[in-house]
Amino acid sequence: MFARKSHREYLLVWLMLLPALAIFMLFRIIPLLWNGVLSFQFWSPTKPAEFAGLYHYEEMFLYDDVFWEALVNTFKYMLTAPIAIILALLLALLVNSRIRGRGIYRTIIFLSYPLMVVAVGIIWRWLFDQRVGLINFSLRSFGLIDEPIAFLESFATALPSVIAAAIWQIVGFFMIILLTGLQSIPQNLYEAASIDGASRWSQFWRITLPLLRPSLFLCFVIGIIASFTSFDLIYVMTGGGPGHATELLITYVYKTAFTLTQFDYAGALTIVMFLLFVGIALIGNLLAGGDAGRVDIAD
Amino acid sequence: MLRRHLMATVAGALLLAGLSGQAALAQEKKLTLLTWNLPIYEEKFRGWIADFEEMHPDFTVEWLDKKGTEFGAFYQTQLVAGTAPDIIDVQGMLWAEYAANDGLVPLDPYLEANPEVRDRYNAEGMKLWQYDGKQYMLPYYFSKTLMVYNKKLFAEANIDAPPSSFDELLDAAYKIKDTGEGRTGFITLNFDWLYWPLMAMNGIELLNEDMTEAAFNTPEMVDVVTRLAKATTDGAINPISWTGRWVEPNNAFAAGDIGMYQGHGAALFWIMGQADWANADTLGVVEWPGGWGVPNAHGLGISASTEHPDEAFDFIQIALNDKWQTIMADNFTILTLNNSVDEALIAGLDDPLKAATLELSLANMDKQTGNWVTPLDARIKDAFWPDIQAALLGQRDPAEAIADAENKVNRVLRRG
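This is the structure in structure tokens:
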């Protein structure tokens, strides 16, 4: 009797999961597998496939400078996450203190997050504009520079400029997460620490930071995923240029497939990108104690 | 009992749906037209379709339009899905890639059967869409890069005539730069090889004759890039030349502080629409030294996957007939490479600057450059440009950048 009921329950669970699983298979697993197959073939939309072996991987690792440039840029771009987290933590601490108008500050800081990424890209492109941009205008007005800086056109400043825009957009979201974390820390811990004579600095290191760890980890994971897959901001602000100075793996995959019509090579790039992503997720999981994402099912 | 009734109802419904679907398929013949970023022209496309449906009442035509940035991705995914649009309007060299992969229908049999169609067009212009001896597209609209110069800045810089050589060009650029703060001598559009006349006028070739090897790593190229880079860092050439695409350089020239501009007639007309000061009194137009110019052309072709190639050609004939091309030319003040339509367009223009621009665009049609008919065009461009761009912006040593670009281009050519 018990076994039969359990069997029915399992069936019910699987039936409920089926639509989501079907969509996941259709739009995630099958394309990924197809990419895997494609990466070992010579293929284009109008040509029959031929077996290519490891040709594309050899090309990528041994000869393709752009791949390496995009990979390095992707890792640099990931700095968005830690920088944004530090800034968000400072802001969260600030708006969590008893300052006048803190609700308004919170709203203002959060406002950047709900904006569409394309809108953020356009706003920042104008801000960085060499001729009419507000940043160049301000720097010149304050006498900090003589000549306007071509932020998005210079090989040296393009990537940091795009990273600045990315940080601006996500910092408000991180601040809200961290603020929630801060507000869930019991006040009596601080009171007890004060009675024991702990300084504010010591309270921050011994109470605030350890108890914020889950929120910080969440921000870190979201930040890394966002920077690894940040296509639209780069696409709108620089298109990967100048040269390939702001090319990320994700933009390079798109360009290779849809501008250069090398779907097979783009497939190989995607597989490498996927493996990197899996690696990063595993490291993140280890750092979180090895059980991130575990679901406890109540009896 | 209930179950039996249900089963019978479902089976009946399925049978009915199947039969009606088959009947619909048997009746419906359809063509799809894909155009390149011309939603503004919808009314006229509907006109093409109406004329075609009058000729072929058993057909319907669906019209799709995609922006240039989305076009390639859309068309290729449709190709993979087996639902490629039957008739396509393509810019640049994308068509060569499709043609080389048997993705387009060669139009030669149709042109042999209808010689009057071929005779309509500028013979040199038709070569823009020939690959491997076959004609794959027919001209839809066309423009070519020219030099536009600011007469006021020329006068201030005491320059009597537009430059006729590379040396004179740089010399004029420096003179204009020296007329005042914020002034630069020269700006160019840079996408799709538009800057190549600067190389062509110095005798530099991108590829060897059979397009199997890079040919640009020469002392002349190093010298040209070095001088262009120096002029850029000195402020004689506007750096947007090497970084902007369409809007940025055009806006910069429209601001009135730049002496010379390399762009298409279409871009000049856009600038004239943006800037009140830009007219025949303030601007002049000439060919680049040596008569070199880069075409920007759109053609109409037929996807090889079409089930109705004959009707698709009929559609193209309608779209490109004198009636519709006259409307096109008049609407956008643009050349069509249809000889009689273009002659009438130029003759009917009141604005001497516009008339001169179109006349010059049709001159020296045999000196079009930056237009290598190869399916690898996009990949060569991608391999060539980043290193050269860095050198032009003064951020890399020209000789090293050119050598790196040569290696990358050769690798693309070897890889095929």
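Residue numbers (this note's numbering), protein chains in the order written: chain A, 1 to 299; chain B, 1001 to 1416.
Glycine included, C-beta positions come from ideal geometry on N, C-alpha and C.
These numbers were taken from a predicted model, which means no experiment stands behind them.
To the nearest angstrom, how far is it from the Cα of residue i to the Cα of residue j?
i	j	result
I1237 of chain B	I83 of chain A	38 Å
D1276 of chain B	E1343 of chain B	28 Å
A22 of chain A	M175 of chain A	36 Å
I1402 of chain B	I149 of chain A	26 Å
Q1368 of chain B	V66 of chain A	31 Å
W1246 of chain B	Q203 of chain A	56 Å
E1400 of chain B	I30 of chain A	44 Å
S1361 of chain B	V1294 of chain B	10 Å
V1080 of chain B	T1226 of chain B	45 Å
Q1317 of chain B	K1144 of chain B	24 Å
P1039 of chain B	G1273 of chain B	19 Å
K1066 of chain B	P242 of chain A	25 Å
D196 of chain A	A268 of chain A	59 Å
I163 of chain A	W1288 of chain B	41 Å
G133 of chain A	N1250 of chain B	17 Å
K1408 of chain B	A1113 of chain B	44 Å
D1132 of chain B	W1095 of chain B	13 Å
N136 of chain A	D146 of chain A	10 Å
A1266 of chain B	V117 of chain A	32 Å
L1128 of chain B	V278 of chain A	47 Å
L115 of chain A	M1221 of chain B	46 Å
I1388 of chain B	A1405 of chain B	7 Å
Q262 of chain A	T1179 of chain B	49 Å
D1322 of chain B	N1338 of chain B	8 Å
Along chain B, which residues have their Cβ under 8 Å away from the Cβ of residue i?
i	result
K76 of chain A	The contacting residues do not exist; K76 of chain A stays about 17 Å from chain B at best.
A150 of chain A	P1239, T1243
Looking at residue j and residue i, is the spacing between their C-beta atoms short of 8 Å?
i	j	result
Q1262 of chain B	M1147 of chain B	yes
S39 of chain A	I250 of chain A	no
I1187 of chain B	S1241 of chain B	yes
D1089 of chain B	L1300 of chain B	yes
G121 of chain A	L233 of chain A	yes
K1044 of chain B	W1270 of chain B	no
K1354 of chain B	T1336 of chain B	no
Q169 of chain A	S112 of chain A	yes
A92 of chain A	L182 of chain A	yes
E1054 of chain B	V1061 of chain B	no
Y190 of chain A	I167 of chain A	no
S215 of chain A	I185 of chain A	no
S1303 of chain B	P1085 of chain B	yes
V1413 of chain B	T1212 of chain B	Position check: residue 1413 of chain B holds Leu in this sequence, whereas Val was assumed. For L1413 of chain B and T1212 of chain B, yes; Cβs fall inside 8 Å.
Comparing the C-beta of residue i with each C-beta of chain B, is any distance below 8 Å?
i	result
M16 of chain A	no
L260 of chain A	yes
G243 of chain A	yes
F155 of chain A	yes
S39 of chain A	no
Y63 of chain A	yes
Any beta-carbon of chain A closer than 8 Å to the one on residue i?
i	result
P1386 of chain B	yes
N1190 of chain B	no
N1101 of chain B	yes
A1050 of chain B	no
Check the Cβ of residue i against every Cβ in chain B and list those closer than 7 Å, keeping chain order.
i	result
P45 of chain A	Q1076, L1079, V1080
Taking Cβ-Cβ distances shorter than 7 Å, what residues in chain A pair up with residue i?
i	result
E1097 of chain B	T261
D1382 of chain B	L260
N1339 of chain B	Neighbours of N1339 of chain B on chain A: none; closest Cβ ~34 Å, over 7 Å.
R1411 of chain B	Y63
Q1395 of chain B	F155
R1389 of chain B	The sequence given here has Gln at residue 1389 of chain B, not Arg. By Cβ distance, chain A contributes P242, G243.
Residues of chain A with CB under 8 Å from residue i, in chain order?
i	result
G1072 of chain B	F258, T259, T261
Q1091 of chain B	Ordered by position in chain A, no residue passes the 8 Å Cβ test against Q1091 of chain B, which lies about 13 Å from the chain.
A1378 of chain B	T259, L260, T261
Assuming residue i and residue j are in contact, meaning their beta carbons sit under 8 Å apart, how far apart are those beta carbons, in whole angstroms?
i	j	result
P1352 of chain B	A1252 of chain B	Actually they are not in contact, since the Cβ atoms of P1352 of chain B and A1252 of chain B sit about 25 Å apart, beyond 8 Å.
A1214 of chain B	N1410 of chain B	5 Å
K1177 of chain B	T1184 of chain B	6 Å
Y1141 of chain B	L1104 of chain B	About 19 Å; that fails the 8 Å criterion.
T1121 of chain B	P1139 of chain B	Note on residue identity: the sequence assigns Tyr, not Thr, to residue 1121 of chain B. Correct: roughly 6 Å between the Cβ atoms.
I'd like to know if residue i contacts chain E, where contact means its C-beta is closer than 8 Å to some C-beta of that chain.
i	result
A156 of chain A	In summary, chain E is missing from the structure at hand, where the protein chains are A and B.
Is residue i near the ligand NAP, with its Cβ less than 7 Å from a heavy atom?
i	result
D1330 of chain B	No copy of the ligand NAP occurs in the structure displayed, which carries no ligand at all.
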